[in-house]
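Novice: After the structure tokens below, expect a handful of questions from me.
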Amino acid sequence: MSQATDTEAVDEDGVIESVSGPVVTATDLDARMNDVVYVGDEGLMGEVIEIEGNLTTIQVYEETSGVGPGEPVENTGEPLSVDLGPGMMDSIYDGVQRPLDVLEDKMGTAFLDRGVDAPGIDLEKEWEFTPEVEEGDAVEPGDVVGTVPETVTIEHKVMVPPDYEGGEITTIKSGEFTVEETVAELDSGEEIQMHQEWPVRQARPAGDKETPTEPLVTGQRVQDGLFPLAKGGTAAIPGPFGSGKTVTQQQLAKWSDADIVVYIGCGERGNEMTEVIEDFPELPDPQTGNPLMARTCLIANTSNMPVAARESCIYTGITIAEYYRDMGYDVALMADSTSRWAEAMREISSRLEEMPGEEGYPAYLAASLSEFYERAGKFELINGGEGSISVVGAVSPPGGDFSEPVTQNTLRIVKTFWALDADLAERRHFPSINWNESYSLYKDQLDPWWESNVAGDWSDVRQWAVDVLDEEDELQEIVQLVGKDALPEDQQLTLEVARYLREAWLQQNALHDVDTYCEPEKTYRMLQAIKTFNDEAFEALEASVPVEEIQDVDATPRLNRMGTAEEWNEFIDEIESDLKEQLRALY
Ligand code: ADP
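Per UniProt numbering, the sequence shown starts with residue 1, numbered consecutively.
Spelled out as structure tokens, the structure:
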């Protein structure tokens, strides 16, 4: 957080009147809404959320035990902001952009003490700045004046801040500088440094939203194949405890083809976040082979951290995402979980004694959720370029009941819905994305991409799979009544094909070295192989081969090993030709 480092504008001090958990009221504080304040003798960071006459209400981002009436409150006069600049990739922050590793060094513990502050980005480190403009060039807000190699993967673009006027470049430097040193000067008198601040609750300006036409390739068959997400799209992953929300989010963070990943661990248990923090730095990025962290920023606000900082972590994350979007990158933001975020809002709202809405959530729950998802999109940028933010929010409805307010309000906003299913998880069918309940409204607009980049008949083959799975769903009801053997042979065969679709194609093991990531070509070829089995099997059935004999063909079970096959092209070629040979030999 930057306020700690340049707190010039200290206004009048106020005095604490009362403390209720994360909510503190103060009198005599000269403040505006959303100003950042320092509360109590320890100077805990907080934010003004209500002003009524002489009484100011503050949400405090740190534990308030031991803080009491009469202690001072100091106003910074600045809104809650993030400090944006090189060094954010490969960083792990808390909900108000304090770097966890720096704090750990300062405090000697991982999970933070109070009143400690550290700037969001390293102010002392020198970065190699290469100019992209010359003296005399005219620049406008959003224009890139130079670049910095931020990590092995990411070239950081130093931009004219969006709230600048712009003008003609009068001085431009080249070489090694800290983020606070001026690298460019304009004839308007404005100076450009390698970092800039932005208030988190305000979306960074961008031009119009465009219709997304490219998928965020996830490397997960059920997602890419049946329920694709667009680059710039929104998705929700609701599911009961243990159904695989965290694994699914982490799979996206690891394997999706975004340039930048912002991963927000919001209110989940500390050990899950520790896993991420320990895992990610070890993992290579499948696109580049470089460390995954070189394109990743982690924001951790675990369940044992203060609730108000949980409320803010979502805003911190999306603002960081917007900053990289403004450089022209495709950013993917994962929030795990938005339910814990909504619970933080509920807790603060109840301390404020606001009129509760559904199930005690504040009446503005729906508005807050949609404001957050609204910040996703494929945008025309203010500098004329393009960038996108895809947002994926996990939802953890208590008891897995999708009718509760957070799930319902999220459903009204997002366009991709990956519904996790407790029954599937119990049967160890992973990812437990229920193919009957899930949907993607991006399917049609993305089809041209798949068709020109992967296979011309992509949407036909997908539709074939959807139809088989639908038919299976209907047939299951009959099977439950009369048993499978009572069905006509062609329907028995359909069930067999559907079983391969589920077991060989939809199931994917995140814990298997090879199966964990499935490139689009492999996703397509695997599906084609099952369709080959389907087509050849029905030919055999037409030729009066009994269904038992068709099911006994020994090439078919090998379909189940396609996912884990490393040399998958050869493996699938061989299955397809064996299937044809063996099935044709039956008649
Ligand atoms: P949630 O976050 O919904 O509580 P998790 O993501 O922690 O659930 O998943 C619970 C367990 O389910 C994991 O520890 C893992 O064993 C299993 N699991 C979930 N998804 C997958 C997957 N895609 N592949 C293999 N195992 C999975």
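C-beta: ideal position from N, C-alpha, C; glycine also. Values in this document were obtained by computation on a predicted structure and should not be read as measured data.
#1: If you pair each beta-carbon of the segment 413-427 with each one of the segment 292-307, do three or more pairs fall below 8 angstroms?
#2: By DSSP, does residue 16 sit in helix, in strand, or in coil?
#3: Going by Cα to Cα distance, which pick from 302, 310 and 433 is closest to residue 595?
#4: For residue 473, which residues of its own chain have a beta-carbon under 8 angstroms away from its beta-carbon, when the five flanking residues on both sides are left out?
#5: Taking the Cβ atom as the reference point for each residue, do residue 392 and residue 226 lie within a distance shorter than 7 angstroms?
#6: The ligand ADP and residue 509: does any heavy atom of the ligand fall closer than 6 angstroms to the residue's C-beta?
#7: What residues in its chain sit with their C-beta under 6 angstroms from that of residue 13, if we drop five residues either side in the sequence?
#8: Checking the sheet assignment: what are the DSSP bridge partners for residue 240?
#9: Would you list, in sequence order, the uninterrupted beta strand (DSSP E) runs of no fewer than 3 residues that lie entirely inside the segment 14-91?
#10: Could you check whether residue 443 and residue 591 sit closer than 7 angstroms to each other, using their CB atoms as the reference points?
#11: In the structure shown, what three-state DSSP assignment does residue 378 receive?
#12: Can you tell which of 33, 395, 542 and 175 has its C-alpha closest to the C-alpha of residue 268?
#13: Pull up the CB-CB distance for residue 431 and residue 248, whole angstroms please, since I reckon it's below 8 angstroms.
#14: Going by the CB atoms, is the gap between residue 328 and residue 377 shorter than 7 angstroms?
#15: Checking the sheet assignment: what are the DSSP bridge partners for residue 93?
#16: Report, in whole angstroms, the separation of the C-beta atoms of residue 179 and residue 121, which I expect to be a contact under 8 angstroms.
#17: Run through DSSP, which three-state label would residue 547 get?
#18: Between which two residues does the beta strand (DSSP E) containing residue 443 stretch?
#19: Closer than 6 angstroms to a non-hydrogen atom of the ligand ADP - does that hold for the CB of residue 256?
#20: If we count the other Cβ atoms within 10 Å of its Cβ and call it buried at 16 or more, is residue 56 buried or exposed?
#21: Count Cβ pairs between the segment 259-267 and the segment 298-312 that sit closer than 8 angstroms; are there 3 or more?
#22: Counting only the same chain and skipping the five closest in sequence on each side, list residues whose C-beta sits under 6 angstroms from that of residue 50.
#23: Would you check if the segment 396-410 and the segment 361-369 touch, i.e. whether three or more CB-CB distances between them fall below 8 angstroms?
#24: Please report the straight-line C-alpha distance between residue 145 and residue 131, rounded to a whole angstrom.
#25: Flag residue 247 as yes when its Cβ comes closer than 6 angstroms to any non-hydrogen atom of the ligand ADP, and as no otherwise.
#26: At what residues does the alpha helix (DSSP H) containing residue 350 begin and finish?
#27: With a cut-off of 8 angstroms on the beta carbons, I'd call residue 168 and residue 138 a contact; round off their distance for me.
#28: Determine the extent of the beta strand (DSSP E) in which residue 278 is found, giving its start and end residues.
#29: By a C-beta neighbour count over all protein chains shown, 10 Å radius and 16 as the cutoff for buried, is residue 15 buried or exposed?
#30: How far does the beta strand (DSSP E) with residue 177 in it reach, from first residue to last?
#31: Of all the options 282, 134 and 562, which has the alpha carbon lying nearest to the alpha carbon of residue 185?
#32: Between 312, 427 and 577, which lies nearest to residue 98 when the distance is taken from Cα to Cα?
#33: At a threshold of 6 angstroms, does residue 244 count as lining the ligand MN (C-beta to nearest heavy atom)?
#34: Taking only three categories from DSSP, how would you classify residue 575?
#35: In this structure, how does DSSP classify residue 181 when only helix, strand and coil are distinguished?
#36: Look at the alpha carbon of residue 399 and the alpha carbon of residue 275, and state the distance between them as a whole number of angstroms.
Specialist: In brief:
#1: no
#2: As a position in the sequence shown, residue 16 is number 16, starting the count at 1. DSSP places residue 16 in strand when its eight states are reduced to three.
#3: This structure gives no information on residue 595, because the portion of the chain shown stretches from 1 to 587.
#4: Sequence index remark: in the sequence shown, residue 473 carries index 473 (1-based). Here the set comprises 436.
#5: Residue numbering aside, residue 392 sits at position 392 when the sequence shown is read from its first letter. Residue numbering aside, residue 226 sits at position 226 when the sequence shown is read from its first letter. Going by C-beta atoms, residue 392 is not nearer than 7 angstroms to residue 226.
#6: Residue 509 sits at position 509 when you count from the first residue of the sequence shown. Yes, since a heavy atom of the ligand ADP falls inside the 6 angstroms radius drawn around the Cβ of residue 509.
#7: What you label residue 13 is simply residue 13 of the sequence shown in a count that begins at 1. For residue 13, where only same-chain residues beyond five positions count, the Cβ hits under 6 angstroms are 72 and 74.
#8: Counting from one through the sequence shown, the residue named residue 240 turns up at place 240. Residue 240 pairs with nothing; no bridge assigned.
#9: Correct list: 23-27, 35-39, 44-52, 55-60, 72-79 and 81-84.
#10: The chain is shown only over 1 to 587; residue 591 falls outside these bounds and no answer can be derived.
#11: Sequence index remark: in the sequence shown, residue 378 carries index 378 (1-based). Looking at residue 378 - three-state DSSP - the assignment turns out to be strand.
#12: Working through the sequence shown from its first residue, we reach residue 268 at position 268. Relative to residue 268, the option among 33, 395, 542 and 175 whose CA is nearest is 395.
#13: Here residue 431 corresponds to residue number 431 of the sequence shown, with the count starting at 1. Here residue 248 corresponds to residue number 248 of the sequence shown, with the count starting at 1. Between residue 248 and residue 431 the Cβ distance is about 6 angstroms, and since that is below 8 angstroms, they are a contact.
#14: Against the sequence shown, residue 377 aligns to sequence position 377. Against the sequence shown, residue 328 aligns to sequence position 328. No, the pair does not count as a contact, with Cβ atoms beyond the cut-off.
#15: The count along the sequence shown starts at 1 and reaches residue 93 at position 93. DSSP output for residue 93 lists 99 and 299 as bridge partner(s).
#16: Within the sequence shown, numbered from 1, the residue matching residue 179 stands at position 179. Within the sequence shown, numbered from 1, the residue matching residue 121 stands at position 121. The Cβ separation is near 6 angstroms, so the contact holds.
#17: In the sequence shown, counting from the first residue as 1, residue 547 sits at position 547. The answer is helix: DSSP assigns residue 547 an H, G or I state.
#18: Counting from 1 along the sequence shown, the entry for residue 443 is found at position 443. Residue 443 -> not in any beta strand (DSSP E); alpha helix (DSSP H) instead, spanning 443-453.
#19: Translated into the one-based positions of the sequence shown, residue 256 becomes position 256. No, the Cβ of residue 256 stays beyond 6 angstroms of every heavy atom of the ligand ADP.
#20: Translated into positions along the sequence shown, residue 56 becomes position 56. It is buried - the Cβ of residue 56 has at least 16 other Cβ atoms within 10 Å.
#21: In short, these stretches touch, since the Cβ pair count reaches three.
#22: Within the sequence shown, the letter at position 50 stands for residue 50. Contacts found: 57.
#23: yes
#24: Your numbering for residue 145 matches position 145 in the sequence shown. Your numbering for residue 131 matches position 131 in the sequence shown. Distance between the alpha carbons of residue 145 and residue 131 is about 6 angstroms.
#25: Sequence index remark: in the sequence shown, residue 247 carries index 247 (1-based). The answer is yes for residue 247.
#26: On the sequence shown, residue 350 is found 350 positions in, with the first residue counted as 1. Segment 338-351, the alpha helix (DSSP H) holding residue 350.
#27: For the purposes of this step, residue 168 is taken as the residue at position 168 of the sequence shown. For the purposes of this step, residue 138 is taken as the residue at position 138 of the sequence shown. The pair is a contact, with the Cβ atoms about 5 angstroms apart (cut-off 8 angstroms).
#28: Against the sequence shown, residue 278 aligns to sequence position 278. Looking at the DSSP string, residue 278 is not in any beta strand (DSSP E); the run it does join, the alpha helix (DSSP H), is 270-279.
#29: Within the sequence shown, the letter at position 15 stands for residue 15. By the 10 Å Cβ count, residue 15 comes out exposed.
#30: The residue labelled residue 177 in the question sits at position 177 within the sequence shown. Here the beta strand (DSSP E) through residue 177 covers 175-177.
#31: Sequence index remark: in the sequence shown, residue 185 carries index 185 (1-based). Among 282, 134 and 562, the Cα nearest to that of residue 185 belongs to 134.
#32: On the sequence shown, residue 98 is found 98 positions in, with the first residue counted as 1. The shortest Cα separation from residue 98 among 312, 427 and 577 belongs to 312.
#33: With respect to the ligand MN, the structure offers nothing, as its ligand set consists of the ligand ADP.
#34: What you label residue 575 is simply residue 575 of the sequence shown in a count that begins at 1. Residue 575 falls in the helix class under three-state DSSP.
#35: Residue 181 sits at position 181 when you count from the first residue of the sequence shown. The DSSP-derived three-state label of residue 181 is coil.
#36: As a first step, residue 399 is located in the sequence shown; it is residue number 399 there, counting from the start. As a first step, residue 275 is located in the sequence shown; it is residue number 275 there, counting from the start. C-alpha separation (whole angstroms): 25 angstroms.
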